[in-house]
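Okay, structure first, notes after.
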Amino acid sequence: MLLGTSAAVVTGAGIKAMSWLVGPVFLALIIVIAVSPVRTWLRRKGMPAWLATTALVLAVFGVMLVMVLVLVVSVAQLAGELPNYAARADDLIAGATAWLADLGIDGDELHQITQSLDLGKLAGVAGSVLASVGGLVSNIVFVLSLLLFLSIEASAAPARLAEIAQDRPAVAVALADFARGTRRYLVVTTVFGLLVAVLDTVALMLLGIPLALVWGLLAFITNYVPNIGFVLGLVPPALLALLDGGWQPMVLVIVIYCVLNFVCQSLIQPRYVGGAVGLSTTVAFLALLFWAWMLGALGAILAIPLTLLAKALLIDIDPRARWAGALLGARGGG
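Position in the sequence shown (first residue = 1) + 16 = our numbering.
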């Protein structure tokens with residue numbers, strides 16, 4: 017028990033220290049798992065293995081590059097728009113401060129809070145984010161290289177799994193289940209993320225909320241963050257609606273987002289994901305906190321696939337650990 021705990025602590029510390037490397041490696045691995053059926057389909061259509069791998073890697077790289085370019089433009093637009101609402105924000109803060117003071121809340125505390133609410137600071141933060149986005153380009157090149165090598169290695173994965181199955185069948189089954197579950201989760205999450213992002217963007221455009229495309233992109237990205245992704249995608253457009261048009265547009269944005277999220281992600285999406293994840297809501301939330309702490313924003317986005325991988329390697333391969341699978345909310349433990 018003590019030895020296992022020590023090993024877990026050392027492993028966690030190593031992952032934390034090497035997060036700059038571990039994060040992109042996990043991202044490349046999960047992307048390869050997600051798109052591997054496309055490569056198999058291209059091979060069945062007669063495309064040479066090298067050409068299928070190259071085409072797939074270039075397609076993924078193109079999508080990632082477009083996402084980064086859109087992100088750069090979006091952050092630049094946001095940094096340019098925020099100062100325009102400084103006066104309106106000051107008026108709202110002053111009104112809220114007076115209202116809270118009437119309720120008997122200490123004035124000194126309110127003054128400290130209002131001093132921290134500065135759109136100029138937020139614009140500066142947005143500018144620094146824009147400056148740091150350039151670092152994503154080098155990360156994308158690194159991920160592209162990993163994708164290329166992992167995609168080449170992926171062609172031998174079935175044979176290696178078959179070899180593993182001869183000696184450790186439980187390990188082979190656990191890894192195969194992890195790949196299928198992760199692939200299904202990512203595909204369904206991506207499809208519904210696109211659907212919600214498009215609907216959110218259209219709704220914001222109809223309401224006249226500025227930067228509707230930016231908030232649609234944010235809704236798509238935060239859709240991968242379990243539990244709190246919806247809130248992360250809702251707060252910025254709701255606040256901008258408040259600054260731009262007052263309380264009524266903000267309430268409309270909140271209501272529309274809540275309805276779309278409930279229908280798409282609470283009623284429809286679980287039917288397609290089914291038991292692919294097999295994690296309880298509490299475990300998913302704890303996984304989000306853990307991986308975000310370990311790997312930053314990338315860890316938050318990849319929290320579910322990373323947890324499924326850890327579950328496959330630590331629980332599903334060992335029949336004696338089925339009790340742990342039951343605690344996590346997994347199906348039968350493997």
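Glycine residues also receive a C-beta, built at the ideal position from the N, C-alpha and C atoms.
Keep in mind it's a predicted model, so treat the numbers as computed, not measured.
query: Since V86 is in the alpha helix (DSSP H), which residue starts that stretch and which ends it?
result: The residue labelled residue 86 in the question sits at position 70 within the sequence shown. Looking at the DSSP string, the run of the alpha helix (DSSP H) that includes V86 is 65–97.
message: If you reduce the DSSP assignment to three classes, tell me which class Y273 lands in.
response: As a first step, residue 273 must be located in the sequence shown, where it is residue number 257. DSSP places Y273 in helix when its eight states are reduced to three.
message: Tell me the DSSP secondary structure of L146 in three-state form.
response: To locate residue 146, count along the sequence shown from 1; it is residue 130. With a pLDDT of 49 at L146, under the threshold of 50, the modelled position of that residue is not reliable, and the figure given next carries that caveat. Of the three classes helix, strand and coil, the one that applies to L146 here is helix, per DSSP.
message: Can you tell me whether N277 is buried or exposed? The criterion is at least 16 other CB atoms within 10 Å of its CB, across all chains shown.
response: One-based indexing of the sequence shown puts residue 277 at position 261. Buried, because 16 or more other Cβ atoms sit within 10 Å of the Cβ of N277.
query: How about S167 and V73: do their beta carbons lie closer than 7 Å?
result: Within the sequence shown, numbered from 1, the residue matching residue 167 stands at position 151. Within the sequence shown, numbered from 1, the residue matching residue 73 stands at position 57. Cβ atoms of S167 and V73: closer than 7 Å.
message: According to DSSP, simplified to helix, strand and coil, what is R184?
response: The count along the sequence shown starts at 1 and reaches residue 184 at position 168. R184: coil per DSSP, three-state reduction.
- prompt: Got a sec? Which residues, its chain only, sit under 8 Å from G349 by beta carbon, not counting five neighbours each side?
  reply: Taking the first residue of the sequence shown as 1, we reach residue 349 at position 333. Low confidence applies to G349: its pLDDT is 41, below 50, so where it sits in the model is not reliable enough to give any reading.
message: Taking a contact to mean a Cβ-Cβ separation below 7 Å, would you say G76 touches I47 in this structure?
response: Numbered from 1 along the sequence shown, position 60 holds the residue referred to as residue 76. Numbered from 1 along the sequence shown, position 31 holds the residue referred to as residue 47. What sits at residue 76 in the sequence shown is Val, not Gly. Taking 7 Å as the Cβ cut-off, V76 and I47 qualify as a contacting pair.
query: Under three-state DSSP, which class holds N243?
result: The sequence position of residue 243 within the sequence shown is 227, counting from 1. Coil.
- request: Please report how far the alpha carbon of T190 lies from the alpha carbon of W231, in whole angstroms.
  value: As a working note, residue 190 is residue 174 in the sequence shown. As a working note, residue 231 is residue 215 in the sequence shown. With the sequence shown as reference, residue 190 is identified as Ala, and Thr is not the correct amino acid for it. So the two alpha carbons sit approximately 38 Å from each other.
query: According to the neighbour-count rule (16 or more other Cβ atoms, all chains shown, within 10 Å of its Cβ), is V238 buried or exposed?
result: The residue you call residue 238 lines up with position 222 of the sequence shown. For the record, residue 238 in the displayed sequence is Thr; it is not Val. That one is buried.
message: Since L344 and V299 should fall inside the 8 Å C-beta cutoff, what is the C-beta to C-beta distance between them, to a whole number of angstroms?
response: Here residue 344 corresponds to residue number 328 of the sequence shown, with the count starting at 1. Here residue 299 corresponds to residue number 283 of the sequence shown, with the count starting at 1. That belief holds up - the Cβ atoms of L344 and V299 are roughly 5 Å apart, short of 8 Å.
field: Extent of the continuous alpha helix (DSSP H) to which M310 belongs
entry: Taking the first residue of the sequence shown as position 1, residue 310 is located at position 294. Where M310 is concerned, the enclosing alpha helix (DSSP H) stretches over 297–311.
- prompt: Do the segment 300–309 and the segment 210–229 make contact, defined as three or more Cβ pairs closer than 8 Å?
  reply: no
field: G30, buried or exposed, once every other Cβ within 10 Å from all chains shown has been counted against 16
entry: For the purposes of this step, residue 30 is taken as residue 14 along the sequence shown, with counting starting at 1. Exposed, by the Cβ-count rule.
- request: For the segment 220–268, list the alpha helix (DSSP H) runs that are entirely contained and at least 4 residues long, ordered along the chain.
  value: 228–238, 245–261
- request: Pair every Cβ in the segment 54–64 with every Cβ in the segment 34–41, then say whether three or more of these pairs are closer than 8 Å.
  value: no
message: In this structure, how does DSSP classify V279 when only helix, strand and coil are distinguished?
response: Stepping through the sequence shown from its first residue, residue 279 is reached at position 263. V279: helix per DSSP, three-state reduction.
query: Ends of the alpha helix (DSSP H) at K327?
result: Position 311 of the sequence shown, counting from 1, holds the residue named residue 327. Note, K327: alpha helix (DSSP H), 319–327.
- request: Report buried or exposed for T205, applying the criterion of at least 16 other Cβ atoms within 10 angstroms of its Cβ.
  value: For the purposes of this step, residue 205 is taken as residue 189 along the sequence shown, with counting starting at 1. Under this definition T205 is a buried residue.
task: Specify whether the segment 266–286 and the segment 211–218 touch according to this definition: at least 3 beta carbon pairs, one from each stretch, less than 8 Å apart.
output: yes
- prompt: My guess is that P253 and I225 are in contact by the Cβ rule of under 8 Å, so how many angstroms apart are they, rounded?
  reply: Here residue 253 corresponds to residue number 237 of the sequence shown, with the count starting at 1. Here residue 225 corresponds to residue number 209 of the sequence shown, with the count starting at 1. At roughly 6 Å, the Cβ-Cβ gap stays under 8 Å, so P253 and I225 are in contact.
query: By the 10 Å Cβ neighbour count, where 16 or more other Cβ atoms means buried, how is R294 classified, buried or exposed?
result: For the purposes of this step, residue 294 is identified with residue 278 of the sequence shown, where counting begins at 1. Note that residue 294 is Gly in the sequence shown, not Arg. Buried.
field: Residue environment, G249, which counts as buried when at least 16 other CB atoms sit within 10 Å
entry: Here residue 249 refers to the residue found at position 233 when the sequence shown is read from its first residue. Buried.
message: Closest to A65 by C-alpha separation, out of E169, V25, P185, A92, would be which residue?
response: Position 49 of the sequence shown, counted from the start, is the residue given in the question as residue 65. Here the closest residue by C-alpha is E169.
Cβ neighbour criterion (16 or more within 10 Å) applied to P53: For the purposes of this step, residue 53 is taken as residue 37 along the sequence shown, with counting starting at 1. Its Cβ having fewer than 16 others within 10 Å, P53 is exposed.
task: Would you mind reading off the limits of the alpha helix (DSSP H) that contains R60?
output: Counting from 1 along the sequence shown, the entry for residue 60 is found at position 44. Counting along the chain, the alpha helix (DSSP H) containing R60 begins and ends at 35–60.
- prompt: Using the C-alpha atoms, what's the distance from E179 back to V352?
  reply: Outside the modelled stretch of the chain, which goes from 17 to 350, sits residue 352, for which no answer is possible.
message: Does the beta-carbon of A29, which I'm using as the reference point, lie nearer than 6 Å to any heavy atom of the ligand GTP?
response: The ligand content of the structure shown is nil, which means the ligand GTP is not present either.
- request: May I have the straight-line CA-CA distance separating A319 from D118, to the nearest angstrom?
  value: Position 303 of the sequence shown, counting from 1, holds the residue named residue 319. Position 102 of the sequence shown, counting from 1, holds the residue named residue 118. A319 and D118: Cα-Cα distance of roughly 44 Å.
- prompt: Tell me which same chain residues have a C-beta within less than 7 Å of the C-beta of Y273, skipping the five on either side of it?
  reply: Position 257 of the sequence shown, counted from the first residue, corresponds to residue 273. Taken in chain order, the residues that qualify are D216, L250.
query: Just curious, the alpha helix (DSSP H) that R338 is in, first and last residue?
result: The residue labelled residue 338 in the question sits at position 322 within the sequence shown. Where R338 is concerned, the enclosing alpha helix (DSSP H) stretches over 338–344.
- request: Mind reading off the beta-carbon distance from A308 to A316? Whole number of angstroms is fine, and I expect it under 8 Å.
  value: Taking the first residue of the sequence shown as 1, we reach residue 308 at position 292. Taking the first residue of the sequence shown as 1, we reach residue 316 at position 300. About 4 Å; that satisfies the 8 Å criterion.
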